[in-house]
Amino acid sequence: MKREEKFNYDAFEQEAIEKLKKGKPLSGVDGIFTPLIKRILEASLEGELDAYLEENEEPNRRNGRLSKNLKTSIGNVEIDTPRDRNSSFEPQIVRKRQRVLNEELDRKIISMYGLGLSYSDIRKHMLEMYGLETSEATINAVTDRVIDDVKQWQQRPLESIYPVVWMDAIHFKVKEENRIVNKAVYCVIGVNREGFKDILGMYLGQSEGASFWLGVLTDLKARGVEDIFISSIDNLKGFAEATEASFPNTDVQLCVIHQVRNTMRFVPYKDSKAVIQDMKQIYKAPNREASKQALDEFCAKWESKYPYSTRSWQNNWERLTNFYKYPPEIRKLIYTTNIIENFHGRLRKVTKTKRLFSSDMALMKLLYLIQKQFVIDNWQVPIFAWRTIQSQLSIIFDERFAK
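Here it is, written out as C-alpha cells:
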C-alpha cells in the first residue's frame, strides 16, 4: 500500500455488507473490521513519522516499510510499519518490538482466568474468538501481572474502626515440593461505619489454627485497624482468645450454625431431627433467659446419649449468646458467619474445576481476582437497614463509634 493511497471507505462499507451477508465474523483473521484497523494503524504510524521528520533537525528520511504481525482484540492484523534511515524513530501507537496492540487482550485473559477458566480453555477461547495462538507460558506471564496488585492489596491501609468483622477459613489443595498439601485461606470481611462491606484480607496458611489467626489479627492492626466492636467467628479452639488478646474490647460472637454443625457430627441420623429441633429452641429464643432455659432442657434430655454435644454447648455458651445483648437488626447480622459463607460459596463455585493449584501464588492470583469482582457485583450499597443498625451501634458503643 503506497503512502499516498486513500482508504476507500465506501468500498469498505460495501465489502463489509457483502461479508456480513456471507456470515463472515466481525473479528478474527478474516474479520470484517480487520482491513479498517489495519488502515487506521498504518495511517497513524505514517503521521507519527511525518511529524518526527519535520521536528527533527538531524538529516534523516524515510527508509521503506517493515511488515509486522500484530495481535489485537479483534485478531491478528498484518501491518506495514514505516522506517527512517537513521533508525531513531520511536513510534508510540505501535512500538518497535510491540506485538500486542494494547492491554485489551491482557485484560481479557485476566478476566477469563478470574472466572476460573484453565489455561487450555483460555487458549481455545483466544483461538476461536480472535484467531490468536496463545501459549500457556504467555497466559501465565499475563496473569503474573496481577501479582503486584495482589501484594499491594494485601498491604493496603484499612480504616481505623469496623463495627462488625466476620472471620473464617476455606481450604484448597496446593502443590508444594512435589506433594499435594491442604492449605487454609483465612478470610476477613468487615463492615465500616457507613455500612459498606469489604474483604479486609485473605491470608494463606498451612492449616487453620488459632496461632495463625493471631498473626492475621496482628496484621490488621498494623494496617490501621484500631477497634472492632463485634467479631463473628467459628468456635475453633483458641480463636476467641486470640481475638480478645488482639482487640480486648471486642465482643466475640461464636457462629451458631458452626455450633450446630459440630453438634451434629456426633448425632446419628435416627436422632438428628429431634436434636436439631431442640437446638433451635436455644438460639431462636426471644431472650437470653429463655435461651438458657432451653439449653438446660436440651442438656437434661440428651446429655446421657451425647455428652460431647451438650458439653460443647455449655462450654461455648457465653460467646454463643452474646448476640442477645443487641437489638434484632444487629442480632441477625452477627449470630452466624453467613456473610463470609456466601463469599466462600463464590470462591468454591469459581474454583470447583481446579482440583489442584500449582503454587501458592497461582491460588492467590485467582482468589484476588474473584474477590475483586465479588465486591463489585455484591457490595456497592450499604447493608440492608443500615441506618437503623448505625443508630443502634452509635448508642451502644457511643464514644468508640464517634472516635
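Residue numbering for the sequence shown follows this note's numbering, starting at 26 and increasing by one per position. Note that beta-carbon positions come from the ideal geometry of N, C-alpha and C, so glycine has one too.
Keeping to the same chain, check which residues put their C-beta closer than 8 Å to that of residue i; ignore five residues upstream and five downstream.
i	result
ILE164	ILE134, TYR138, TYR144, ILE147 and ARG148
VAL241	MET192, TYR211, VAL213, GLY226 and TYR228
SER185	GLY249, VAL250, GLU251, ASP252 and LYS428
ARG371	ILE395 and PHE399
LEU140	VAL375
GLN180	ARG248
LYS31	Its pLDDT being 49, under 50, LYS31 is placed unreliably in this model, and the coordinates cannot settle the point.
ASN217	GLU184, ILE186, TYR187, PRO188 and ASP223
ILE301	VAL285 and MET289
Looking at the unbroken alpha helix (DSSP H) that takes in residue i, where does it start and where does it end?
i	result
SER337	332 to 340
ALA194	First-last for ALA194: 186 to 201, but that is the beta strand (DSSP E), not the alpha helix (DSSP H).
GLN180	171 to 180
LYS15	Residue 15 is absent from the structure shown; the chain starts at 26 and stops at 428.
SER329	Unbroken run through SER329: none, as it is neither H nor E.
ALA410	Note, ALA410: premise wrong, no alpha helix (DSSP H); not H, not E.
ARG373	363 to 376
TYR294	294 to 308
ASN403	385 to 403
PHE382	Run containing PHE382: none; DSSP gives neither H nor E here.
SER236	235 to 247
THR268	264 to 271
LEU358	353 to 359
THR168	161 to 168
Quick one: what's got a C-beta closer than 6 Å to residue i's C-beta in the same chain, skipping five residues either side?
i	result
ARG86	ARG110
LEU239	ALA267
VAL250	LEU183
GLN396	ILE224
ASP169	none
PRO352	GLN417
SER232	ALA209
MET26	Low confidence applies to MET26: its pLDDT is 39, below 50, so where it sits in the model is not reliable, and the reading given next is rough at best. Within the same chain, MET26 has no close Cβ partners at all.
PHE254	PRO188 and PHE422
ASN341	ASN260 and LEU279
By the DSSP assignment, the beta strand (DSSP E) with residue i in it spans what residues?
i	result
ILE205	204 to 216
LEU429	What is shown of the chain runs 26 to 428, which leaves residue 429 out entirely.
ASP252	252 to 258
For residue i, count the other beta carbons within 10 Å of its own beta carbon; 16 or more makes it buried, fewer makes it exposed. Which is it?
i	result
ASP423	exposed
PHE409	exposed
PRO182	exposed
LYS428	exposed
ILE205	exposed
THR288	buried
LEU381	exposed
VAL406	exposed
THR378	exposed
SER334	buried
THR413	exposed
SER297	exposed
ILE195	buried
LYS295	exposed
PRO188	buried
THR362	buried
LEU152	exposed
THR243	exposed
LYS96	buried
ILE355	buried
ILE420	exposed
GLU83	exposed
GLU67	buried
Got a sec? Which residues, its chain only, sit under 7 Å from residue i by beta carbon, not counting five neighbours each side?
i	result
ALA310	SER316 and ALA319
MET389	VAL175 and LEU229
GLU79	none
ASN312	TYR349
TYR77	PHE114
PHE237	TYR211 and GLY230
Contact check, residue i vs residue j under 8 Å by CB: the rounded distance?
i	j	result
PHE368	TYR360	That pair is no contact at about 18 Å.
LEU279	ARG344	4 Å
ASP223	GLY215	6 Å
VAL277	GLU269	6 Å
SER92	VAL190	Going by Cβ atoms, the distance from SER92 to VAL190 rounds to 59 Å, so no, they are not a contact pair.
ASP303	LYS330	Actually they are not in contact, since the Cβ atoms of ASP303 and LYS330 sit about 12 Å apart, beyond 8 Å.
ILE307	PHE323	6 Å
TRP411	GLY220	3 Å
GLN90	ASP75	Per the sequence shown, residue 90 should be read as Arg rather than Gln. 14 Å between Cβ atoms; not a contact.
LYS63	VAL119	Their Cβ separation, rounded to whole angstroms, is 11 Å, which puts LYS63 and VAL119 out of contact at 8 Å.
SER384	VAL199	7 Å
Whole runs of the beta strand (DSSP E) within the region 67 to 99, excluding any shorter than 3 residues: 87 to 97
May I have a chain-ordered list of the alpha helix (DSSP H) segments no shorter than 4 residues that lie completely inside the region 102 to 144? 129 to 139
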